[in-house]
Every structure is written in structure tokens, then in C-alpha cells.
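Below is one structure; the comments refer to it alone.
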Amino acid sequence: MEKILVIHNKYRLTGGEDIAVTNEVNVLKKHFNVKVLYFDNKITNYFLQSIFFLSNKNYESIKKIKKEVKSFNPDVIYIHNTWFKVSPGIFSEIHKTGHPIILKIHNYRFNCTKHIFAKKHFNKNDFCKGCGFNRTDMGIFNKYFPNSYIQSLLVIIYGIKFFKILKNTKLKILTLTNFQKNYLINSGISEEKVFVHRNILDNQILDFQSSTSNQKYIVYAGRISREKGVEQLINAFQKSDLNKYFEFKIIGDGPELKNLRERFSSTNIKFLGQLSNEKTLKTIGNSTAVVTATNLYEGQPTLLCEASVIGIPSVFPINKGISEFFPKNYELTFDLKNEISTVSILNKLAQINLIEVGKSNQNFINTIINEDAYIKNFKNIINSN
Numbered sequence: 040m041e042k043i044l045v046i047h048n049k050y051r052l053t054g055g056e057d058i059a060v061t062n063e064v065n066v067l068k069k070h071f072n073v074k075v076l077y078f079d080n081k082i083t084n085y086f087l088q089s090i091f092f093l094s095n096k097n098y099e100s101i102k103k104i105k106k107e108v109k110s111f112n113p114d115v116i117y118i119h120n121t122w123f124k125v126s127p128g129i130f131s132e133i134h135k136t137g138h139p140i141i142l143k144i145h146n147y148r149f150n151c152t153k154h155i156f157a158k159k160h161f162n163k164n165d166f167c168k169g170c171g172f173n174r175t176d177m178g179i180f181n182k183y184f185p186n187s188y189i190q191s192l193l194v195i196i197y198g199i200k201f202f203k204i205l206k207n208t209k210l211k212i213l214t215l216t217n218f219q220k221n222y223l224i225n226s227g228i229s230e231e232k233v234f235v236h237r238n239i240l241d242n243q244i245l246d247f248q249s250s251t252s253n254q255k256y257i258v259y260a261g262r263i264s265r266e267k268g269v270e271q272l273i274n275a276f277q278k279s280d281l282n283k284y285f286e287f288k289i290i291g292d293g294p295e296l297k298n299l300r301e302r303f304s305s306t307n308i309k310f311l312g313q314l315s316n317e318k319t320l321k322t323i324g325n326s327t328a329v330v331t332a333t334n335l336y337e338g339q340p341t342l343l344c345e346a347s348v349i350g351i352p353s354v355f356p357i358n359k360g361i362s363e364f365f366p367k368n369y370e371l372t373f374d375l376k377n378e379i380s381t382v383s384i385l386n387k388l389a390q391i392n393l394i395e396v397g398k399s400n401q402n403f404i405n406t407i408i409n410e411d412a413y414i415k416n417f418k419n420i421i422n423s424n
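Here this note's numbering is used: position 246 in the sequence shown is 285, and no number is missing along the way.
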């Protein structure tokens, strides 16, 4: 049985990438001999950490990883997030051992942090679809952390090094979509290094059964922030026919929650806050549809994929990455930042057979995301030249 060492730096607040890694590990353990090294970003020695940041090598993490590589002797080292405790320094150290490296890219932010100047970050655009910042948020300097020049400088040092690793290190890079793959290639990464490998979904979702009598409400679940377009959805909902006899339930937390709750809370717009995964799934399963208006490039849209698995239709903006998870010519999409288009699609929910749409989505997602396909693709990637 092939041995795989998984390395992942957890986020301070558990996010979608952390959950995706956990789901992958659970599936990989059924088919491989798997060991996992998790890191967190708690700092115990600020002086040492500042040295690690400036050198792009966390010697404590590297020592721990080298020890595990020597004792476990894996056939493949599978790396996810490296910010910041793992550090980019592990790639050169692992390369010296001769062990093959696979790196999964879960988002587009690698392209946002490789620039010192904001002008380069935005590349003549007013908005960055990788991180969600507006050009007006920054001056000359690429201040990625709005409240800290020092943190921003450190992440830029990291980002420059990380992008060089993507381009120059011998490794296999996994993306979640063909759109993301082409994005990397257009950024200068060799096509031979890049493979599409989607995230596997949690068994709890796969076993979940939706309601047979859907209630009259739509659901948004996720981060409540400017770049996710929640306010756009609320405004469109209020102007749509659904506003007369539907509820709009909004699940999640984020910087815009307080503001939106104060401005829009009403009898049919309900902010439910952060819910458990089980309660979120139950809310989705009883709904008419889930909705999103994200302004970002998305890797693998968790909310929409979960809804499809349990047979609930999705409404989303036209987005090449998201569209890969839905049948061809999917009809419940709208033009990004276009309120008239958004209202029109929300009205369409009352005009079409949503049971058929949900079933079609379910069949499609089960074809492209399932355990057999995941393992077969992973083995093909491992064994490719």
C-alpha cells in the first residue's frame, strides 16, 4: 500500500479549506497508508518567528517535517496550505530527500500576494477577484492586511517566494477546476505540472436526505462580506416576485453581518447567524433553492455542491469556475452585479420545475465528485510522469 504524508497549515478560524483537507484525508485513509502533519499559527516566540518570516523558512516546522519524512518514508508528500508556520522553505528541504511532492491550490490568492505595489496586484482592474479587495482599498503599497503594513510586507515576502516555487520547483500542482488550471498556466506555470483534482465531499452530506416537500424560502450560507454579494442578493430579492410569499434565510457570519442585519431584517429576511453543519444542511434540504452572488473566482463552491448532492437547485452568477459543477447550459445563472438579471432569475424559480432541476444537478455532481473517481484520478496523478 502506497504511503502518503499529508501536510496542512490550519487557518486561525476553521474554513472551507480545512474542512476539505479533513474530508480528503478520511477518503485517502481507506485506500492508502496515510499520516497527517497539521500545523497552526500560534506564535510562542515572536523573535524567532520574525526570523522565520524574513528567511521564508520555519526551522522548527522543517525539523518536524524532516523527522516525519525520515521515519515514515512516504511515497508521496501531499501539501495544502503553507501559510505561515509550514513556510515555503519546506519545498527545497523535501526536494533534497527525493520524495515526490503534490501541492493543492485551493484559491487564487497566490496571485495577490506576489506584488509589492498595488498597481501590479490589480493590473488595471478596479476589483481583485482573487481576494475581494477594491483598488480604492489600497494606495501605492499592496496592503493585503488593511490594518498592518508589517503583516502585509511579510505576506508579500512569502507570496513572492511561493510563486517562484510554483514556477521553478519540481512538483505536481492540483487545481479544483479547469478554469483554475488555465489561470495558473496563464500566470506562467508549466502546463505539464498542473492537474485538475476536485475536493471530495463529506459523507454526512452524501448520506443526507432532502425534504420531499420544500418550504417557500431561499438560502444563502457562507461568509457575509462585501465580495460575496449578499447585499446584492437582498436587494434583488426585495424587488422580485418571491418577496411577496417567500422568505430569504441568510446563514453565516462576517464583517457585513451587523450592517446588513440592521438595515434589512424583516419578517421575510432572516439572519440566522452561524449554524452547525447539521442545521445548515437541514435548512438547505428544506429550501426551494440556494443562492450566491459571489464576486470572486471560486475554487469549489461548497454551498452549491452540497445543495446539488441533496437535490436542491442553485442560483449563481455566470462564472466559468462555478459552471464546471453544473450541467451544460444551466438556466439559473445571472449576470454578475446586474440587478435586473438577478431579479429575473429569482422570478424564474416560480416558473420552472425545480424538482427536475435539482435531480439533474444531483446526477451531474455525483458523476464528477465521487469516491471512485477521486481515487482513480489521484492514483493517475501520482503515477504520471
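All C-beta atoms, glycine included, are put in the ideal place defined by N, C-alpha and C.
Nothing here was measured: the structure is a model prediction, and the numbers come from that model.
Asked: A59 and H145 closer than 8 angstroms at C-beta; Found: yes
Asked: Three CB pairs or more closer than 8 angstroms across the segment 199 to 209 and the segment 171 to 186; Found: no
Asked: Residue interval of the beta strand (DSSP E) (run including G397); Found: G397 -> not in any beta strand (DSSP E); alpha helix (DSSP H) instead, spanning 393 to 407.
Asked: L272 and Y259 closer than 8 angstroms at C-beta; Found: yes
Asked: Identity of the residue in A332, T152, K297 nearest F184 by Cα; Found: T152
Asked: Y98 versus Y77, E132, F166, residue with shortest Cα-Cα distance; Found: E132
Asked: Chain D contact for L343 (CB, 8 angstroms cutoff); Found: Of the protein chains in this structure there is only one, and it is not chain D.
Asked: Beta-carbon separation (whole angstroms), I351 vs S380, contact threshold 8 angstroms; Found: Contact doesn't hold; Cβ gap of about 22 angstroms is too wide.
Asked: Rounded Cβ spacing between V45 and V73 (contact assumed at less than 8 angstroms); Found: 6 angstroms
Asked: Nearest to N377 (by Cα), restricted to the options P356, F365, S423, Q390; Found: P356
Asked: Test item: CB-CB of I414 and H70 under 8 angstroms; Found: yes
Asked: Which of helix, strand or coil DSSP assigns to I133; Found: helix
Asked: N- and C-terminal bounds of the alpha helix (DSSP H) containing T322; Found: 316 to 324
Asked: Anticipated Cβ contact below 8 angstroms, I408 with I189, distance rounded; Found: Between I189 and I408 the Cβ distance is about 41 angstroms, and since that is not below 8 angstroms, they are no contact.
Asked: Segment limits, beta strand (DSSP E) that includes T25; Found: Outside the modelled stretch of the chain, which goes from 40 to 424, sits residue 25, for which no answer is possible.
Asked: Backbone CA spacing between K182 and K42 [nearest angstrom]; Found: 41 angstroms
Asked: Nearest-angstrom Cα separation, counted from K288 out to G397; Found: 19 angstroms
Asked: Distance between G291 and G261 (C-alpha atoms, nearest Å); Found: 5 angstroms
Asked: First through last residue of the alpha helix (DSSP H) which encompasses K200; Found: 188 to 207
Asked: Check whether I349 and I323 have beta carbons under 8 angstroms apart; Found: yes
Asked: C-alpha gap between D375 and I140, whole angstroms; Found: Strictly speaking, residue 375 in this sequence is Leu, with Asp absent from that position. Each residue's alpha carbon lies about 37 angstroms from the other.
Asked: DSSP-derived helix/strand/coil call for E286; Found: strand
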